[in-house]
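Residue numbers (the working numbering): 179 to 1009.
Yeah, the Cβ is synthetic: ideal placement off N, Cα and C, and Gly gets one too.
For clarity, every value in this text was computed on a predicted model and none was experimentally measured.
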């Protein structure tokens, strides 16, 4: 397949219609894709676009002239191709020209796959094939284990349903476009790390340059390619900003430090005053401002007027996308903001700035190190896998660094056992305020059948949401996600945006530390179960760890979750909070535990709120709204088998004045009992939420018609846990080893009758238990040691009566069919 692939490419992109608009689309789309791969400069972008436009226009003229005479057309195009290729080579150089040809070869391969008649060499392959890729390989090889390809891209052009691409250990910097690529239900196309080797898809490139001192703390250097995120020894540097804030000391999540606040009385929308601005000795005109303008709303714009060392500036309020939420209208002093995009804002360690005009990079390293002592890398890629109009593809066991994946109009795509470190980052450093490229699985129609899966993955240090997903019947299961979205500018205040995902299962995920208002934004008929969610909403107003709006409440299932330690609400059925606005109905909220949040809060009607525990929240603990004019009446909502210190029908006022509306029975209410939930539970401060043996909760609940409530004894217990159960459900991500010890490790308030409980490892069959009073002894114990207490399938172990004042150590090893995973040593002290 020589350069004939260019012959038919016009038919692939433009079809039989030779309209100029389609020619322009062809040139534009391919220039953009090539620019991502080959890192064009602005000048190169323009030149390549012009050549592709000219070439495709001329080729279309030939196609019209020769019609079905493919041989004549081929001969004419083969005369012209070398001319255009020489022009492109003069711009791109020899090496990049090779990648240019590889790009179009891949597109031609996609075209062949879409044809009804497959090429002859495809017909000869009657069985699935394994291809191998290695950084030591060569793309001229056959792709065997002994003669592997060098690039994943090359392997992808060879693959069909049932094939597996095994990727050997190493770092790969490439974009793999999978367009019109289809596996089958029982024969997917698979890309996976070979034999659990460490495979890294890296969206960054090593910066090789000469550094010089800019001032006493800052180094500078010229670079050739634009970058929008900078790394030193694999740690992301902070884009120069005011006020300061970064991931590593946690200051970015404290908006009292990482945001500035317009001075009340002087400031107005678009013109902010702040006395600390007077200390900045640089003209901030052109800087980027990020503003939290109310509930769920954060926008970005440019400063349009500023004088150095003055206390005020003006910014553009007419830019598309700027909106102030009604909750903050006329309250500009609440518009928390920060500034980026100016060298004068670079004023502390681990900050950086890039001047796009003269391609100069500035960096303040930690502890004054010279950059040549560090591995300095820059992000030059958004997506490693770009999957479009494809199906039945799996990506397994791969580490992504500074890059991620994107799927569009594709179904049955599975991403499993992968790690994503710094997957997405805005391009604001390039003064690009467009929507950032984030991890996405998007269908053109939100209710299209998707069946996409993200399972057993880790996502960490993310600018933007973790995932933007729509379509129906998706699964997001057993993932660990943290340190998410310090700017909150992507499509509203969502950490995990499932608003347009119908019939989705969000199960066994641990998510913590996020800036956005809503940690999980639910779609229609979502099942949200066994998740451990905490520490969210730091950088926006309003919000909830689980947010379910009016339309999405019907038939939703929110169950067996822990939501805790958040500055926002724990669980919420919401509506627009305006008079006579639509409210939701028929939601199911049960067997959840909420503590140290604002509250759990339910608007609407005809809901089923049962077997929940809520305590130690800042406002009332469990609120079923009785605010008829704007939040729904809840006349027919059933509130049953719940335990809480403060029940109420009002957000802040007591339940005795604002009783919970609807059908309310078989609940345990601390404010009416004049008691605390701790009088009924074993040890909630150490995560043991089970009823005490003599508790009023035991067998004092009731069933709900049409709802399955599992129970032991004569009747359901009040609350989310059953007395006497041999298993203790613990939500969240199941790691390779046992986790989430109960009591928490290093606790000093454990009771003398405590049981030991834990979250079992992913795919564990049973657990080996080690317990003793000496750290080293427990750490080194084997099944032959006295500290070994046995193997069991359930996750509760009773060590017997514990001695007050004594420290104990324990360890859980998880046993699977193939391996025993040794656990960490945990400790606690008995009070």
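- Out of 682, 903, 716, 930, the CA that lies nearest to the CA of residue 628 is found in 682.
- Under DSSP, residue 554 takes part in a beta bridge, and its partners are 410.
- Per DSSP, residue 244 is one residue of the alpha helix (DSSP H) stretching across 220–244.
- Here DSSP, grouped into helix, strand and coil, assigns residue 649 to strand.
- One alpha carbon belongs to residue 411, the other to residue 580, and they sit about 13 Å apart.
- Residue state for residue 549 is assigned as helix, using DSSP reduced to three classes.
- The shortest CA-to-CA distance from residue 781 to any of 854, 759, 633, 508 is the one to 759.
- By the Cβ neighbour-count rule, residue 991 is buried, with 16 or more other Cβ atoms within 10 Å of its own.
- For residue 900, no beta strand (DSSP E) run applies, since DSSP gives it neither H nor E.
- The C-alpha of residue 859 is placed about 6 Å away from the C-alpha of residue 867.
- Annotation: the continuous beta strand (DSSP E) that includes residue 471 extends over 466–472.
- Put simply, the backbone Cα of residue 788 is about 6 Å away from that of residue 820.
- Pairing residue 801 with residue 202, the inter-Cα distance amounts to about 57 Å.
- When the five nearest sequence neighbours on each side are left out, the beta carbons in the same chain lying within less than 8 Å of the beta carbon of residue 223 are those of 209, 213, in order along the chain.
- Straight-line spacing of the CA atoms in residue 459 and residue 523 works out to 9 Å.
- Of the other Cβ atoms in all chains shown, 16 or more fall within 10 Å of the Cβ of residue 352; this residue is therefore buried.
- The alpha carbon of residue 446 has as its nearest neighbour, out of 323, 427, 512, the alpha carbon of 512.
- For residue 449, the beta-bridge partners assigned by DSSP are 446, 492.
- The C-alpha of residue 388 lies about 29 Å from the C-alpha of residue 466.
- In this structure, residue 840 sits away from residue 808, with a CB-CB distance that is not shorter than 8 Å.
- In this structure, the alpha-carbon of residue 252 lies about 10 Å from that of residue 258.
- Between the alpha carbons of residue 956 and residue 916 lies a gap of roughly 15 Å.
- Contact between the segment 563–575 and the segment 347–362 is established, with three or more Cβ pairs separated by less than 8 Å.
- Contact check for residue 624 against residue 649 passes: the beta carbons are separated by less than 8 Å.
- Residue burial is scored here from C-beta neighbours: residue 964 has fewer than 16 other C-beta atoms within 10 angstroms and is therefore classed as exposed.
- With fewer than 16 other Cβ atoms from the protein chains shown falling within 10 Å of its own Cβ, residue 612 counts as exposed.
- By the C-beta density criterion, residue 783 is buried, having at least 16 other C-beta atoms within 10 angstroms.
- Here residue 850 is exposed: its Cβ has fewer than 16 other Cβ atoms, across all protein chains shown, within 10 Å.
- Secondary structure remark: continuous beta strand (DSSP E) runs of at least 3 residues inside the segment 635–696, in chain order: 636–640, 645–650, 653–655, 658–662, 672–680, 683–685, 688–692.
- A contact between stretches requires three or more CB pairs, one per stretch, nearer than 8 Å, and the segment 312–322 fails this requirement with the segment 520–534.
- The segment 426–439 makes no contact with the segment 389–403; the number of CB pairs closer than 8 Å stays below 3.
- Under the three-state reduction of DSSP output, residue 437 falls in the coil class, being neither helix nor strand.
- Per DSSP, residue 398 is one residue of the beta strand (DSSP E) stretching across 397–400.
- Take residue 778, set aside five residues on each side of it, and the residues of its chain with a beta-carbon closer than 6 Å to its own are 748, 749, 772, 792, 800, in chain order.
- The C-beta of residue 728 has 16 or more other C-beta atoms within 10 Å across all chains shown, which makes the residue buried.
- Straight-line spacing of the CA atoms in residue 999 and residue 993 works out to 6 Å.
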